[in-house]
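Here is the structure we will look at, set down as structure tokens.
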Amino acid sequence: MIVESPTKAKTLKKILGRKYDIKASNGHVRDLPKSRLGVDIENNFEPEYILVRGKGPLVRELKRAAQKAKNVLLASDPDREGEAIAWHLANLLSISCEEPCRVRMYEITPRAVKEAFSKAEPIDMDKVDAQQARRLVDRLMGYSLSPLLWKKVKAGLSAGRVQSVALRLICEKEAEIKAFVPQEYWVIVAVAKGERGQFSLKLAKKDGKNIRVTNAIDAQAVYNELLSLPYVVSKFDTKEGKRNPLPPFKTSTLQQEAARRLGFSPQKTMRVAQGLYEGVDLPGQGPVGLITYMRTDSLRIAPEAIAMARKFIEENYGERYLPEKPLQYISKERSQDAHEAIRPTNVRLVPEEIETHLTKDQKALYELIWKRFLASQMEPAIVARTNLEVEAGPYTLKQSGVTLIFDGWSRLWPLEMKEEILPEAEVGELLKLLKLDKEQKFTKPPSRYTESGLVKVLEEKGIGRPSTYATIIQTLYDRHYVERDEAKKFFPTELGVTVNSFLVEHFQSLINVEFTAKMEDELDKVERGDTSWLSVVKEFWVHFEGILKSVQNVAKVEVPVETIDEKCPLCGAQLIVKHGRYGKFIACSAYPDCKYTRNFKNSLDIPCPKCGEGKVVLLRSKNRRPFYGCSRYPKCDFVSWSKPTGEICPKCGGPFVVKRKTVKCADCGYEKEEIPDDAGAVGER
Numbered sequence: 001m002i003v004e005s006p007t008k009a010k011t012l013k014k015i016l017g018r019k020y021d022i023k024a025s026n027g028h029v030r031d032l033p034k035s036r037l038g039v040d041i042e043n044n045f046e047p048e049y050i051l052v053r054g055k056g057p058l059v060r061e062l063k064r065a066a067q068k069a070k071n072v073l074l075a076s077d078p079d080r081e082g083e084a085i086a087w088h089l090a091n092l093l094s095i096s097c098e099e100p101c102r103v104r105m106y107e108i109t110p111r112a113v114k115e116a117f118s119k120a121e122p123i124d125m126d127k128v129d130a131q132q133a134r135r136l137v138d139r140l141m142g143y144s145l146s147p148l149l150w151k152k153v154k155a156g157l158s159a160g161r162v163q164s165v166a167l168r169l170i171c172e173k174e175a176e177i178k179a180f181v182p183q184e185y186w187v188i189v190a191v192a193k194g195e196r197g198q199f200s201l202k203l204a205k206k207d208g209k210n211i212r213v214t215n216a217i218d219a220q221a222v223y224n225e226l227l228s229l230p231y232v233v234s235k236f237d238t239k240e241g242k243r244n245p246l247p248p249f250k251t252s253t254l255q256q257e258a259a260r261r262l263g264f265s266p267q268k269t270m271r272v273a274q275g276l277y278e279g280v281d282l283p284g285q286g287p288v289g290l291i292t293y294m295r296t297d298s299l300r301i302a303p304e305a306i307a308m309a310r311k312f313i314e315e316n317y318g319e320r321y322l323p324e325k326p327l328q329y330i331s332k333e334r335s336q337d338a339h340e341a342i343r344p345t346n347v348r349l350v351p352e353e354i355e356t357h358l359t360k361d362q363k364a365l366y367e368l369i370w371k372r373f374l375a376s377q378m379e380p381a382i383v384a385r386t387n388l389e390v391e392a393g394p395y396t397l398k399q400s401g402v403t404l405i406f407d408g409w410s411r412l413w414p415l416e417m418k419e420e421i422l423p424e425a426e427v428g429e430l431l432k433l434l435k436l437d438k439e440q441k442f443t444k445p446p447s448r449y450t451e452s453g454l455v456k457v458l459e460e461k462g463i464g465r466p467s468t469y470a471t472i473i474q475t476l477y478d479r480h481y482v483e484r485d486e487a488k489k490f491f492p493t494e495l496g497v498t499v500n501s502f503l504v505e506h507f508q509s510l511i512n513v514e515f516t517a518k519m520e521d522e523l524d525k526v527e528r529g530d531t532s533w534l535s536v537v538k539e540f541w542v543h544f545e546g547i548l549k550s551v552q553n554v555a556k557v558e559v560p561v562e563t564i565d566e567k568c569p570l571c572g573a574q575l576i577v578k579h580g581r582y583g584k585f586i587a588c589s590a591y592p593d594c595k596y597t598r599n600f601k602n603s604l605d606i607p608c609p610k611c612g613e614g615k616v617v618l619l620r621s622k623n624r625r626p627f628y629g630c631s632r633y634p635k636c637d638f639v640s641w642s643k644p645t646g647e648i649c650p651k652c653g654g655p656f657v658v659k660r661k662t663v664k665c666a667d668c669g670y671e672k673e674e675i676p677d678d679a680g681a682v683g684e685r
């Protein structure tokens with residue numbers, strides 16, 4: 001049997017025993033060459049597949065093992081990429097694709113493995129063709145556009161069908177932010193006391209119509225009126241409602257929640273999930289696959305998994321938490337229903353009970369998957385929504401609140417409720433005004449994309465596949481097209497803006513959401529057998545080639561140079577910001593005549609908590625993870641993964657830092673009550 005990874009091989013060896021010789025291909029064994037296009041356009045786009053560099057000895061080993069074996073089974077991952085790997089292996093090992101040589105395992109447990117073996121099938125050539133069509137379209141586009149960018153913009157750049165659309169979304173969001181003009185408005189809040197408690201009432205209407213106070217004069221006039229008017233309760237009602245559970249995870253929602261709750265990048269999420277899927281060593285059990293396959297856009301759950309979850313819920317939380325019938329979730333049309341949603345393979349492997357055998361990251365992600373799956377099969381939460389309206393002359397003031405009546409699925413998965421609990425009030429009740437506040441505010445610009453936000457919009461617009469999002473985002477980093485601010489939100493660099501402007505100007509019909517989503521639909525048709533891979537590639541090339549030829553003679557574009565307000569200490573030339581393997585650095589504009597360089601440091605303008613002389617600066621490690629240090633390094637070795645606030649702990653004198661949604665002392669853990677509004681953290685807030 002041939003699988004993709006050594007970890008997966010180890011887990012399967014434990015399940016299958018000595019009768020099976022299990023080898024790992026370590027991913028793809030054949031691919032298009034890196035040094036040339038590798039597609040014969042004149043010969044019906046015939047791809048040129050060669051052995052991946054360094055895979056020669058492995059392939060020879062696989063051939064020797066295959067010749068000795070009675071039978072050869074190909075058990076690469078159950079998706080398009082895995083099907084293509086199986087096809088390449090079949091070609092190399094002279095295995096007929098029509099033989100039942102293909103085994104697809106959606107979870108690596110004894111039951112699932114045995115079931116998969118009983119359903120060995122031929123290789124799905126439609127799925128292989130879909131992967132090949134995607135590979136060829138991306139190769140034709142990338143290997144044609146990238147040299148054009150080298151010639152017209154700057155050497156070392158790249159473009160791609162999905163990557164460039166993701167960059168465009170980030171650039172357009174930044175343009176929206178820069179074009180945004182803040183609008184003034186005033187919020188007026190009355191704190192009033194009733195017979196059973198206190199209320200915080202926000203001005204909402206005048207004469208029955210919505211009111212928006214937009215300047216200080218009007219705000220003062222309304223304020224003066226409200227000071228002298230009686231406050232009478234005109235409406236107080238409470239309605240119970242249900243909050244239905246969220247569905248189990250699919251790839252995109254797992255990436256979003258892991259980014260939001262754990263601060264994981266999509267790439268890290270997929271890497272940790274792969275380890276959980278392939279198997280973790282548990283005492284007395286050996287390697288155990290803890291979750292089902294993590295590349296899926298399906299919400300389907302196997303009946304036996306639902307039964308297992310329902311039994312666990314009844315035994316551990318009681319019948320009150322168990323719905324009368326199992327809950328089913330509907331996937332979008334594009335989902336592959338052969339897959340399941342992402343779920344634990346055995347809900348009785350409780351995260352807390354096996355955490356000592358998991359890494360910190362594995363435990364965090366497994367717990368997220370475990371809780372979300374169980375919560376998806378629990379009773380809805382019941383909440384009571386309370387609405388209060390108070391009349392003050394012509395004005396209406398409002399407050400709403402939510403009370404949790406029954407926690408239901410939120411016992412495992414947090415139910416986000418921002419409204420506070422209100423005391424009771426009676427219609428006609430006269431309230432006593434305790435305080436009246438007016439506050440000037442301004443509308444805020446659109447927010448930049450976080451990683452989870454970008455993943456969400458890519459999925460909503462049908463751009464690419466969730467399994468590719470991690471690679472797309474990493475490529476944008478690697479090409480220095482985007483960076484992240486202190487709140488971990490994307491913004492385009494000058495280079496990113498320049499590349500995007502060039503591509504949008506000359507390839508408008510390709511670098512857009514509609515084209516990219518349409519291509520995904522075409523690839524799905526190939527996988528369903530509704531169209532041929534060749535027709536998809538041909539149609540794309542005819543359109544793309546015409547545009548490509550028309551752009552060859554356009555003028556070269558200059559990338560704006562980012563400068564700093566400082567001259568080179570060696571030669572006096574202007575210092576500029578450049579990008580290297582590990583991020584930004586400062587260099588002399590007179591290079592190569594002058595080779596002065598130094599680290600790029602973003603100062604937080606707060607004193608170093610260790611030496612007090614330097615400033616705290618934002619830096620990046622070799623793997624581009626942000627951290628904080630002292631500007632006087634190496635004279636001062638202060639370093640912190642969490643952002644210092646500049647405040648000192650009253651308990652031990654250590655520095656306060658931002659950790660998730662709290663501000664706490666880095667030394668003793670003493671926690672402040674509130675997080676300051678401007679305390680942006682490197683971690684997800």
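For the sequence shown, UniProt numbering assigns the number 1 to the initial residue and increments by one for each residue that follows. Yeah, the Cβ is synthetic: ideal placement off N, Cα and C, and Gly gets one too.
In terms of residues, what are the limits of the beta strand (DSSP E) holding Cys630?
626-630
Can you grab the Cα-Cα spacing for the pair Ile301 / Ser5, in whole Å?
Cα-Cα distance, rounded: 26 angstroms.
Between the region 491-501 and the region 78-96, can you find at least three pairs of beta-carbon atoms closer than 8 angstroms?
no
Residue range of the alpha helix (DSSP H) that residue 773 falls in?
As displayed, the chain neither begins before 1 nor continues past 685, which places residue 773 out of reach and without an answer.
Starting from the Cα of Arg385, find the closest Cα among Glu257, Glu240, Glu522, Gln267 and give me that residue.
Glu240
Can you list, in chain order, the residues of its chain with a C-beta nearer than 8 angstroms to that of Asp207? Leave out the 5 residues immediately preceding and following it.
Pro394
Can you tell me the Cα-Cα spacing of Lys68 and Leu32, whole angstroms?
Taking the straight line joining both Cα atoms gives about 30 angstroms.
Helix, strand or coil at residue 690 according to DSSP, with G and I counted as helix:
In the structure as shown, the chain starts at 1 and stops at 685, and residue 690 therefore has no counterpart that could be examined.
Collapsed DSSP secondary structure at Phe507 in the structure displayed:
coil
Following the continuous alpha helix (DSSP H) through Asp524, name the residue where it begins and the one where it ends.
513-528
Tell me whether the region 106-115 and the region 5-17 touch, counting them as touching only if at least three CB pairs, one residue from each stretch, are closer than 8 angstroms.
yes
Please report the straight-line C-alpha distance between Arg528 and Glu558, rounded to a whole angstrom.
45 angstroms
What is the C-beta distance between Ile2 and Lys23, in whole angstroms, given that I count them as a contact (C-beta under 8 angstroms)?
Correct: roughly 5 angstroms between the Cβ atoms.
Whole runs of the alpha helix (DSSP H) within the region 392-463, excluding any shorter than 4 residues:
451-460, all fully within the region 392-463.
So what does Pro655 bridge to, in DSSP terms?
Looking at the DSSP assignment, Pro655 forms a beta bridge with Ile648.
Near Glu81, which residues of its chain fall below 7 angstroms by C-beta distance, leaving aside the five closest residues on each side in sequence?
Gln131
On the CB-based measure, 16 or more other CB atoms within 10 Å of its CB, does Ser228 come out buried or exposed?
Exposed: under 16 other Cβ atoms inside 10 Å.
Taking C-beta to C-beta, are Val233 and Val513 nearer than 8 angstroms?
no
If you count every other CB in all the chains shown that lies within 10 Å of the CB of Cys652, and 16 or more means buried, which is it?
Label assigned to Cys652: exposed.
Flag this pair as yes or no: are the beta carbons of Glu174 and Phe491 separated by less than 8 angstroms?
It is a contact, given that the beta carbons lie within the stated cut-off.
Return the bridge partner residues of Pro47 from the DSSP annotation.
Looking at the DSSP assignment, Pro47 forms a beta bridge with Val39.
Bridge partner(s) assigned by DSSP for Ile2
Lys23, Leu74
Asn599 - containing beta strand (DSSP E), residue span:
597-599
Proximal residues to Glu459 (C-beta, below 7 angstroms), its chain only, five neighbours per side dropped:
Excluding sequence neighbours, Glu459 sits near Ser252, Pro466.
Do the region 247-263 and the region 371-385 touch if we need at least three Cβ pairs shorter than 8 angstroms?
Output reads yes: the region 371-385 touches the region 247-263.
Using the three-state DSSP reduction, which class does residue 686 fall into: helix, strand or coil?
What the structure shows of the chain is the stretch from 1 to 685, and residue 686 is not part of that stretch, so it cannot be assessed.
Buried or exposed: where does Asp337 fall if 16 or more other Cβ atoms within 10 Å of its Cβ makes it buried?
Summary for Asp337: the model assigns pLDDT 48, below 50, so the residue's position carries little reliability; its value from the coordinates is reported in the next sentence. Residue environment for Asp337: exposed (fewer than 16 other C-beta atoms within 10 angstroms of its C-beta).
Less than 7 angstroms between the CB of Asn512 and some heavy atom of the ligand HEM, yes or no?
Ligands displayed in this structure: none; no statement on the ligand HEM is therefore possible.
Please report the straight-line C-alpha distance between Asp77 and Cys668, rounded to a whole angstrom.
One C-alpha to the other measures close to 46 angstroms.
C-alpha gap between Ala573 and Thr597, whole angstroms:
12 angstroms
Using the beta-carbon count (16 or more within 10 Å), is Lys242 buried or exposed?
exposed
Sequence-distant residues of the same chain with beta carbon closer than 6 angstroms to Ser335, five excluded per side:
At Ser335 the pLDDT is 47, less than 50, meaning the model places this residue with poor confidence and gives no usable figure here.
First and last residue of the beta strand (DSSP E) that includes Tyr185?
184-193
Take every Cβ of the region 527-546, pair it with every Cβ of the region 186-205, and state whether three or more of those distances are shorter than 8 angstroms.
no
In its own chain, which residues sit with a C-beta less than 7 angstroms from the C-beta of Arg479, not counting the 5 before and 5 after it?
Leu157, Ser158
Put Gly614 into one of helix, strand or coil per three-state DSSP.
coil
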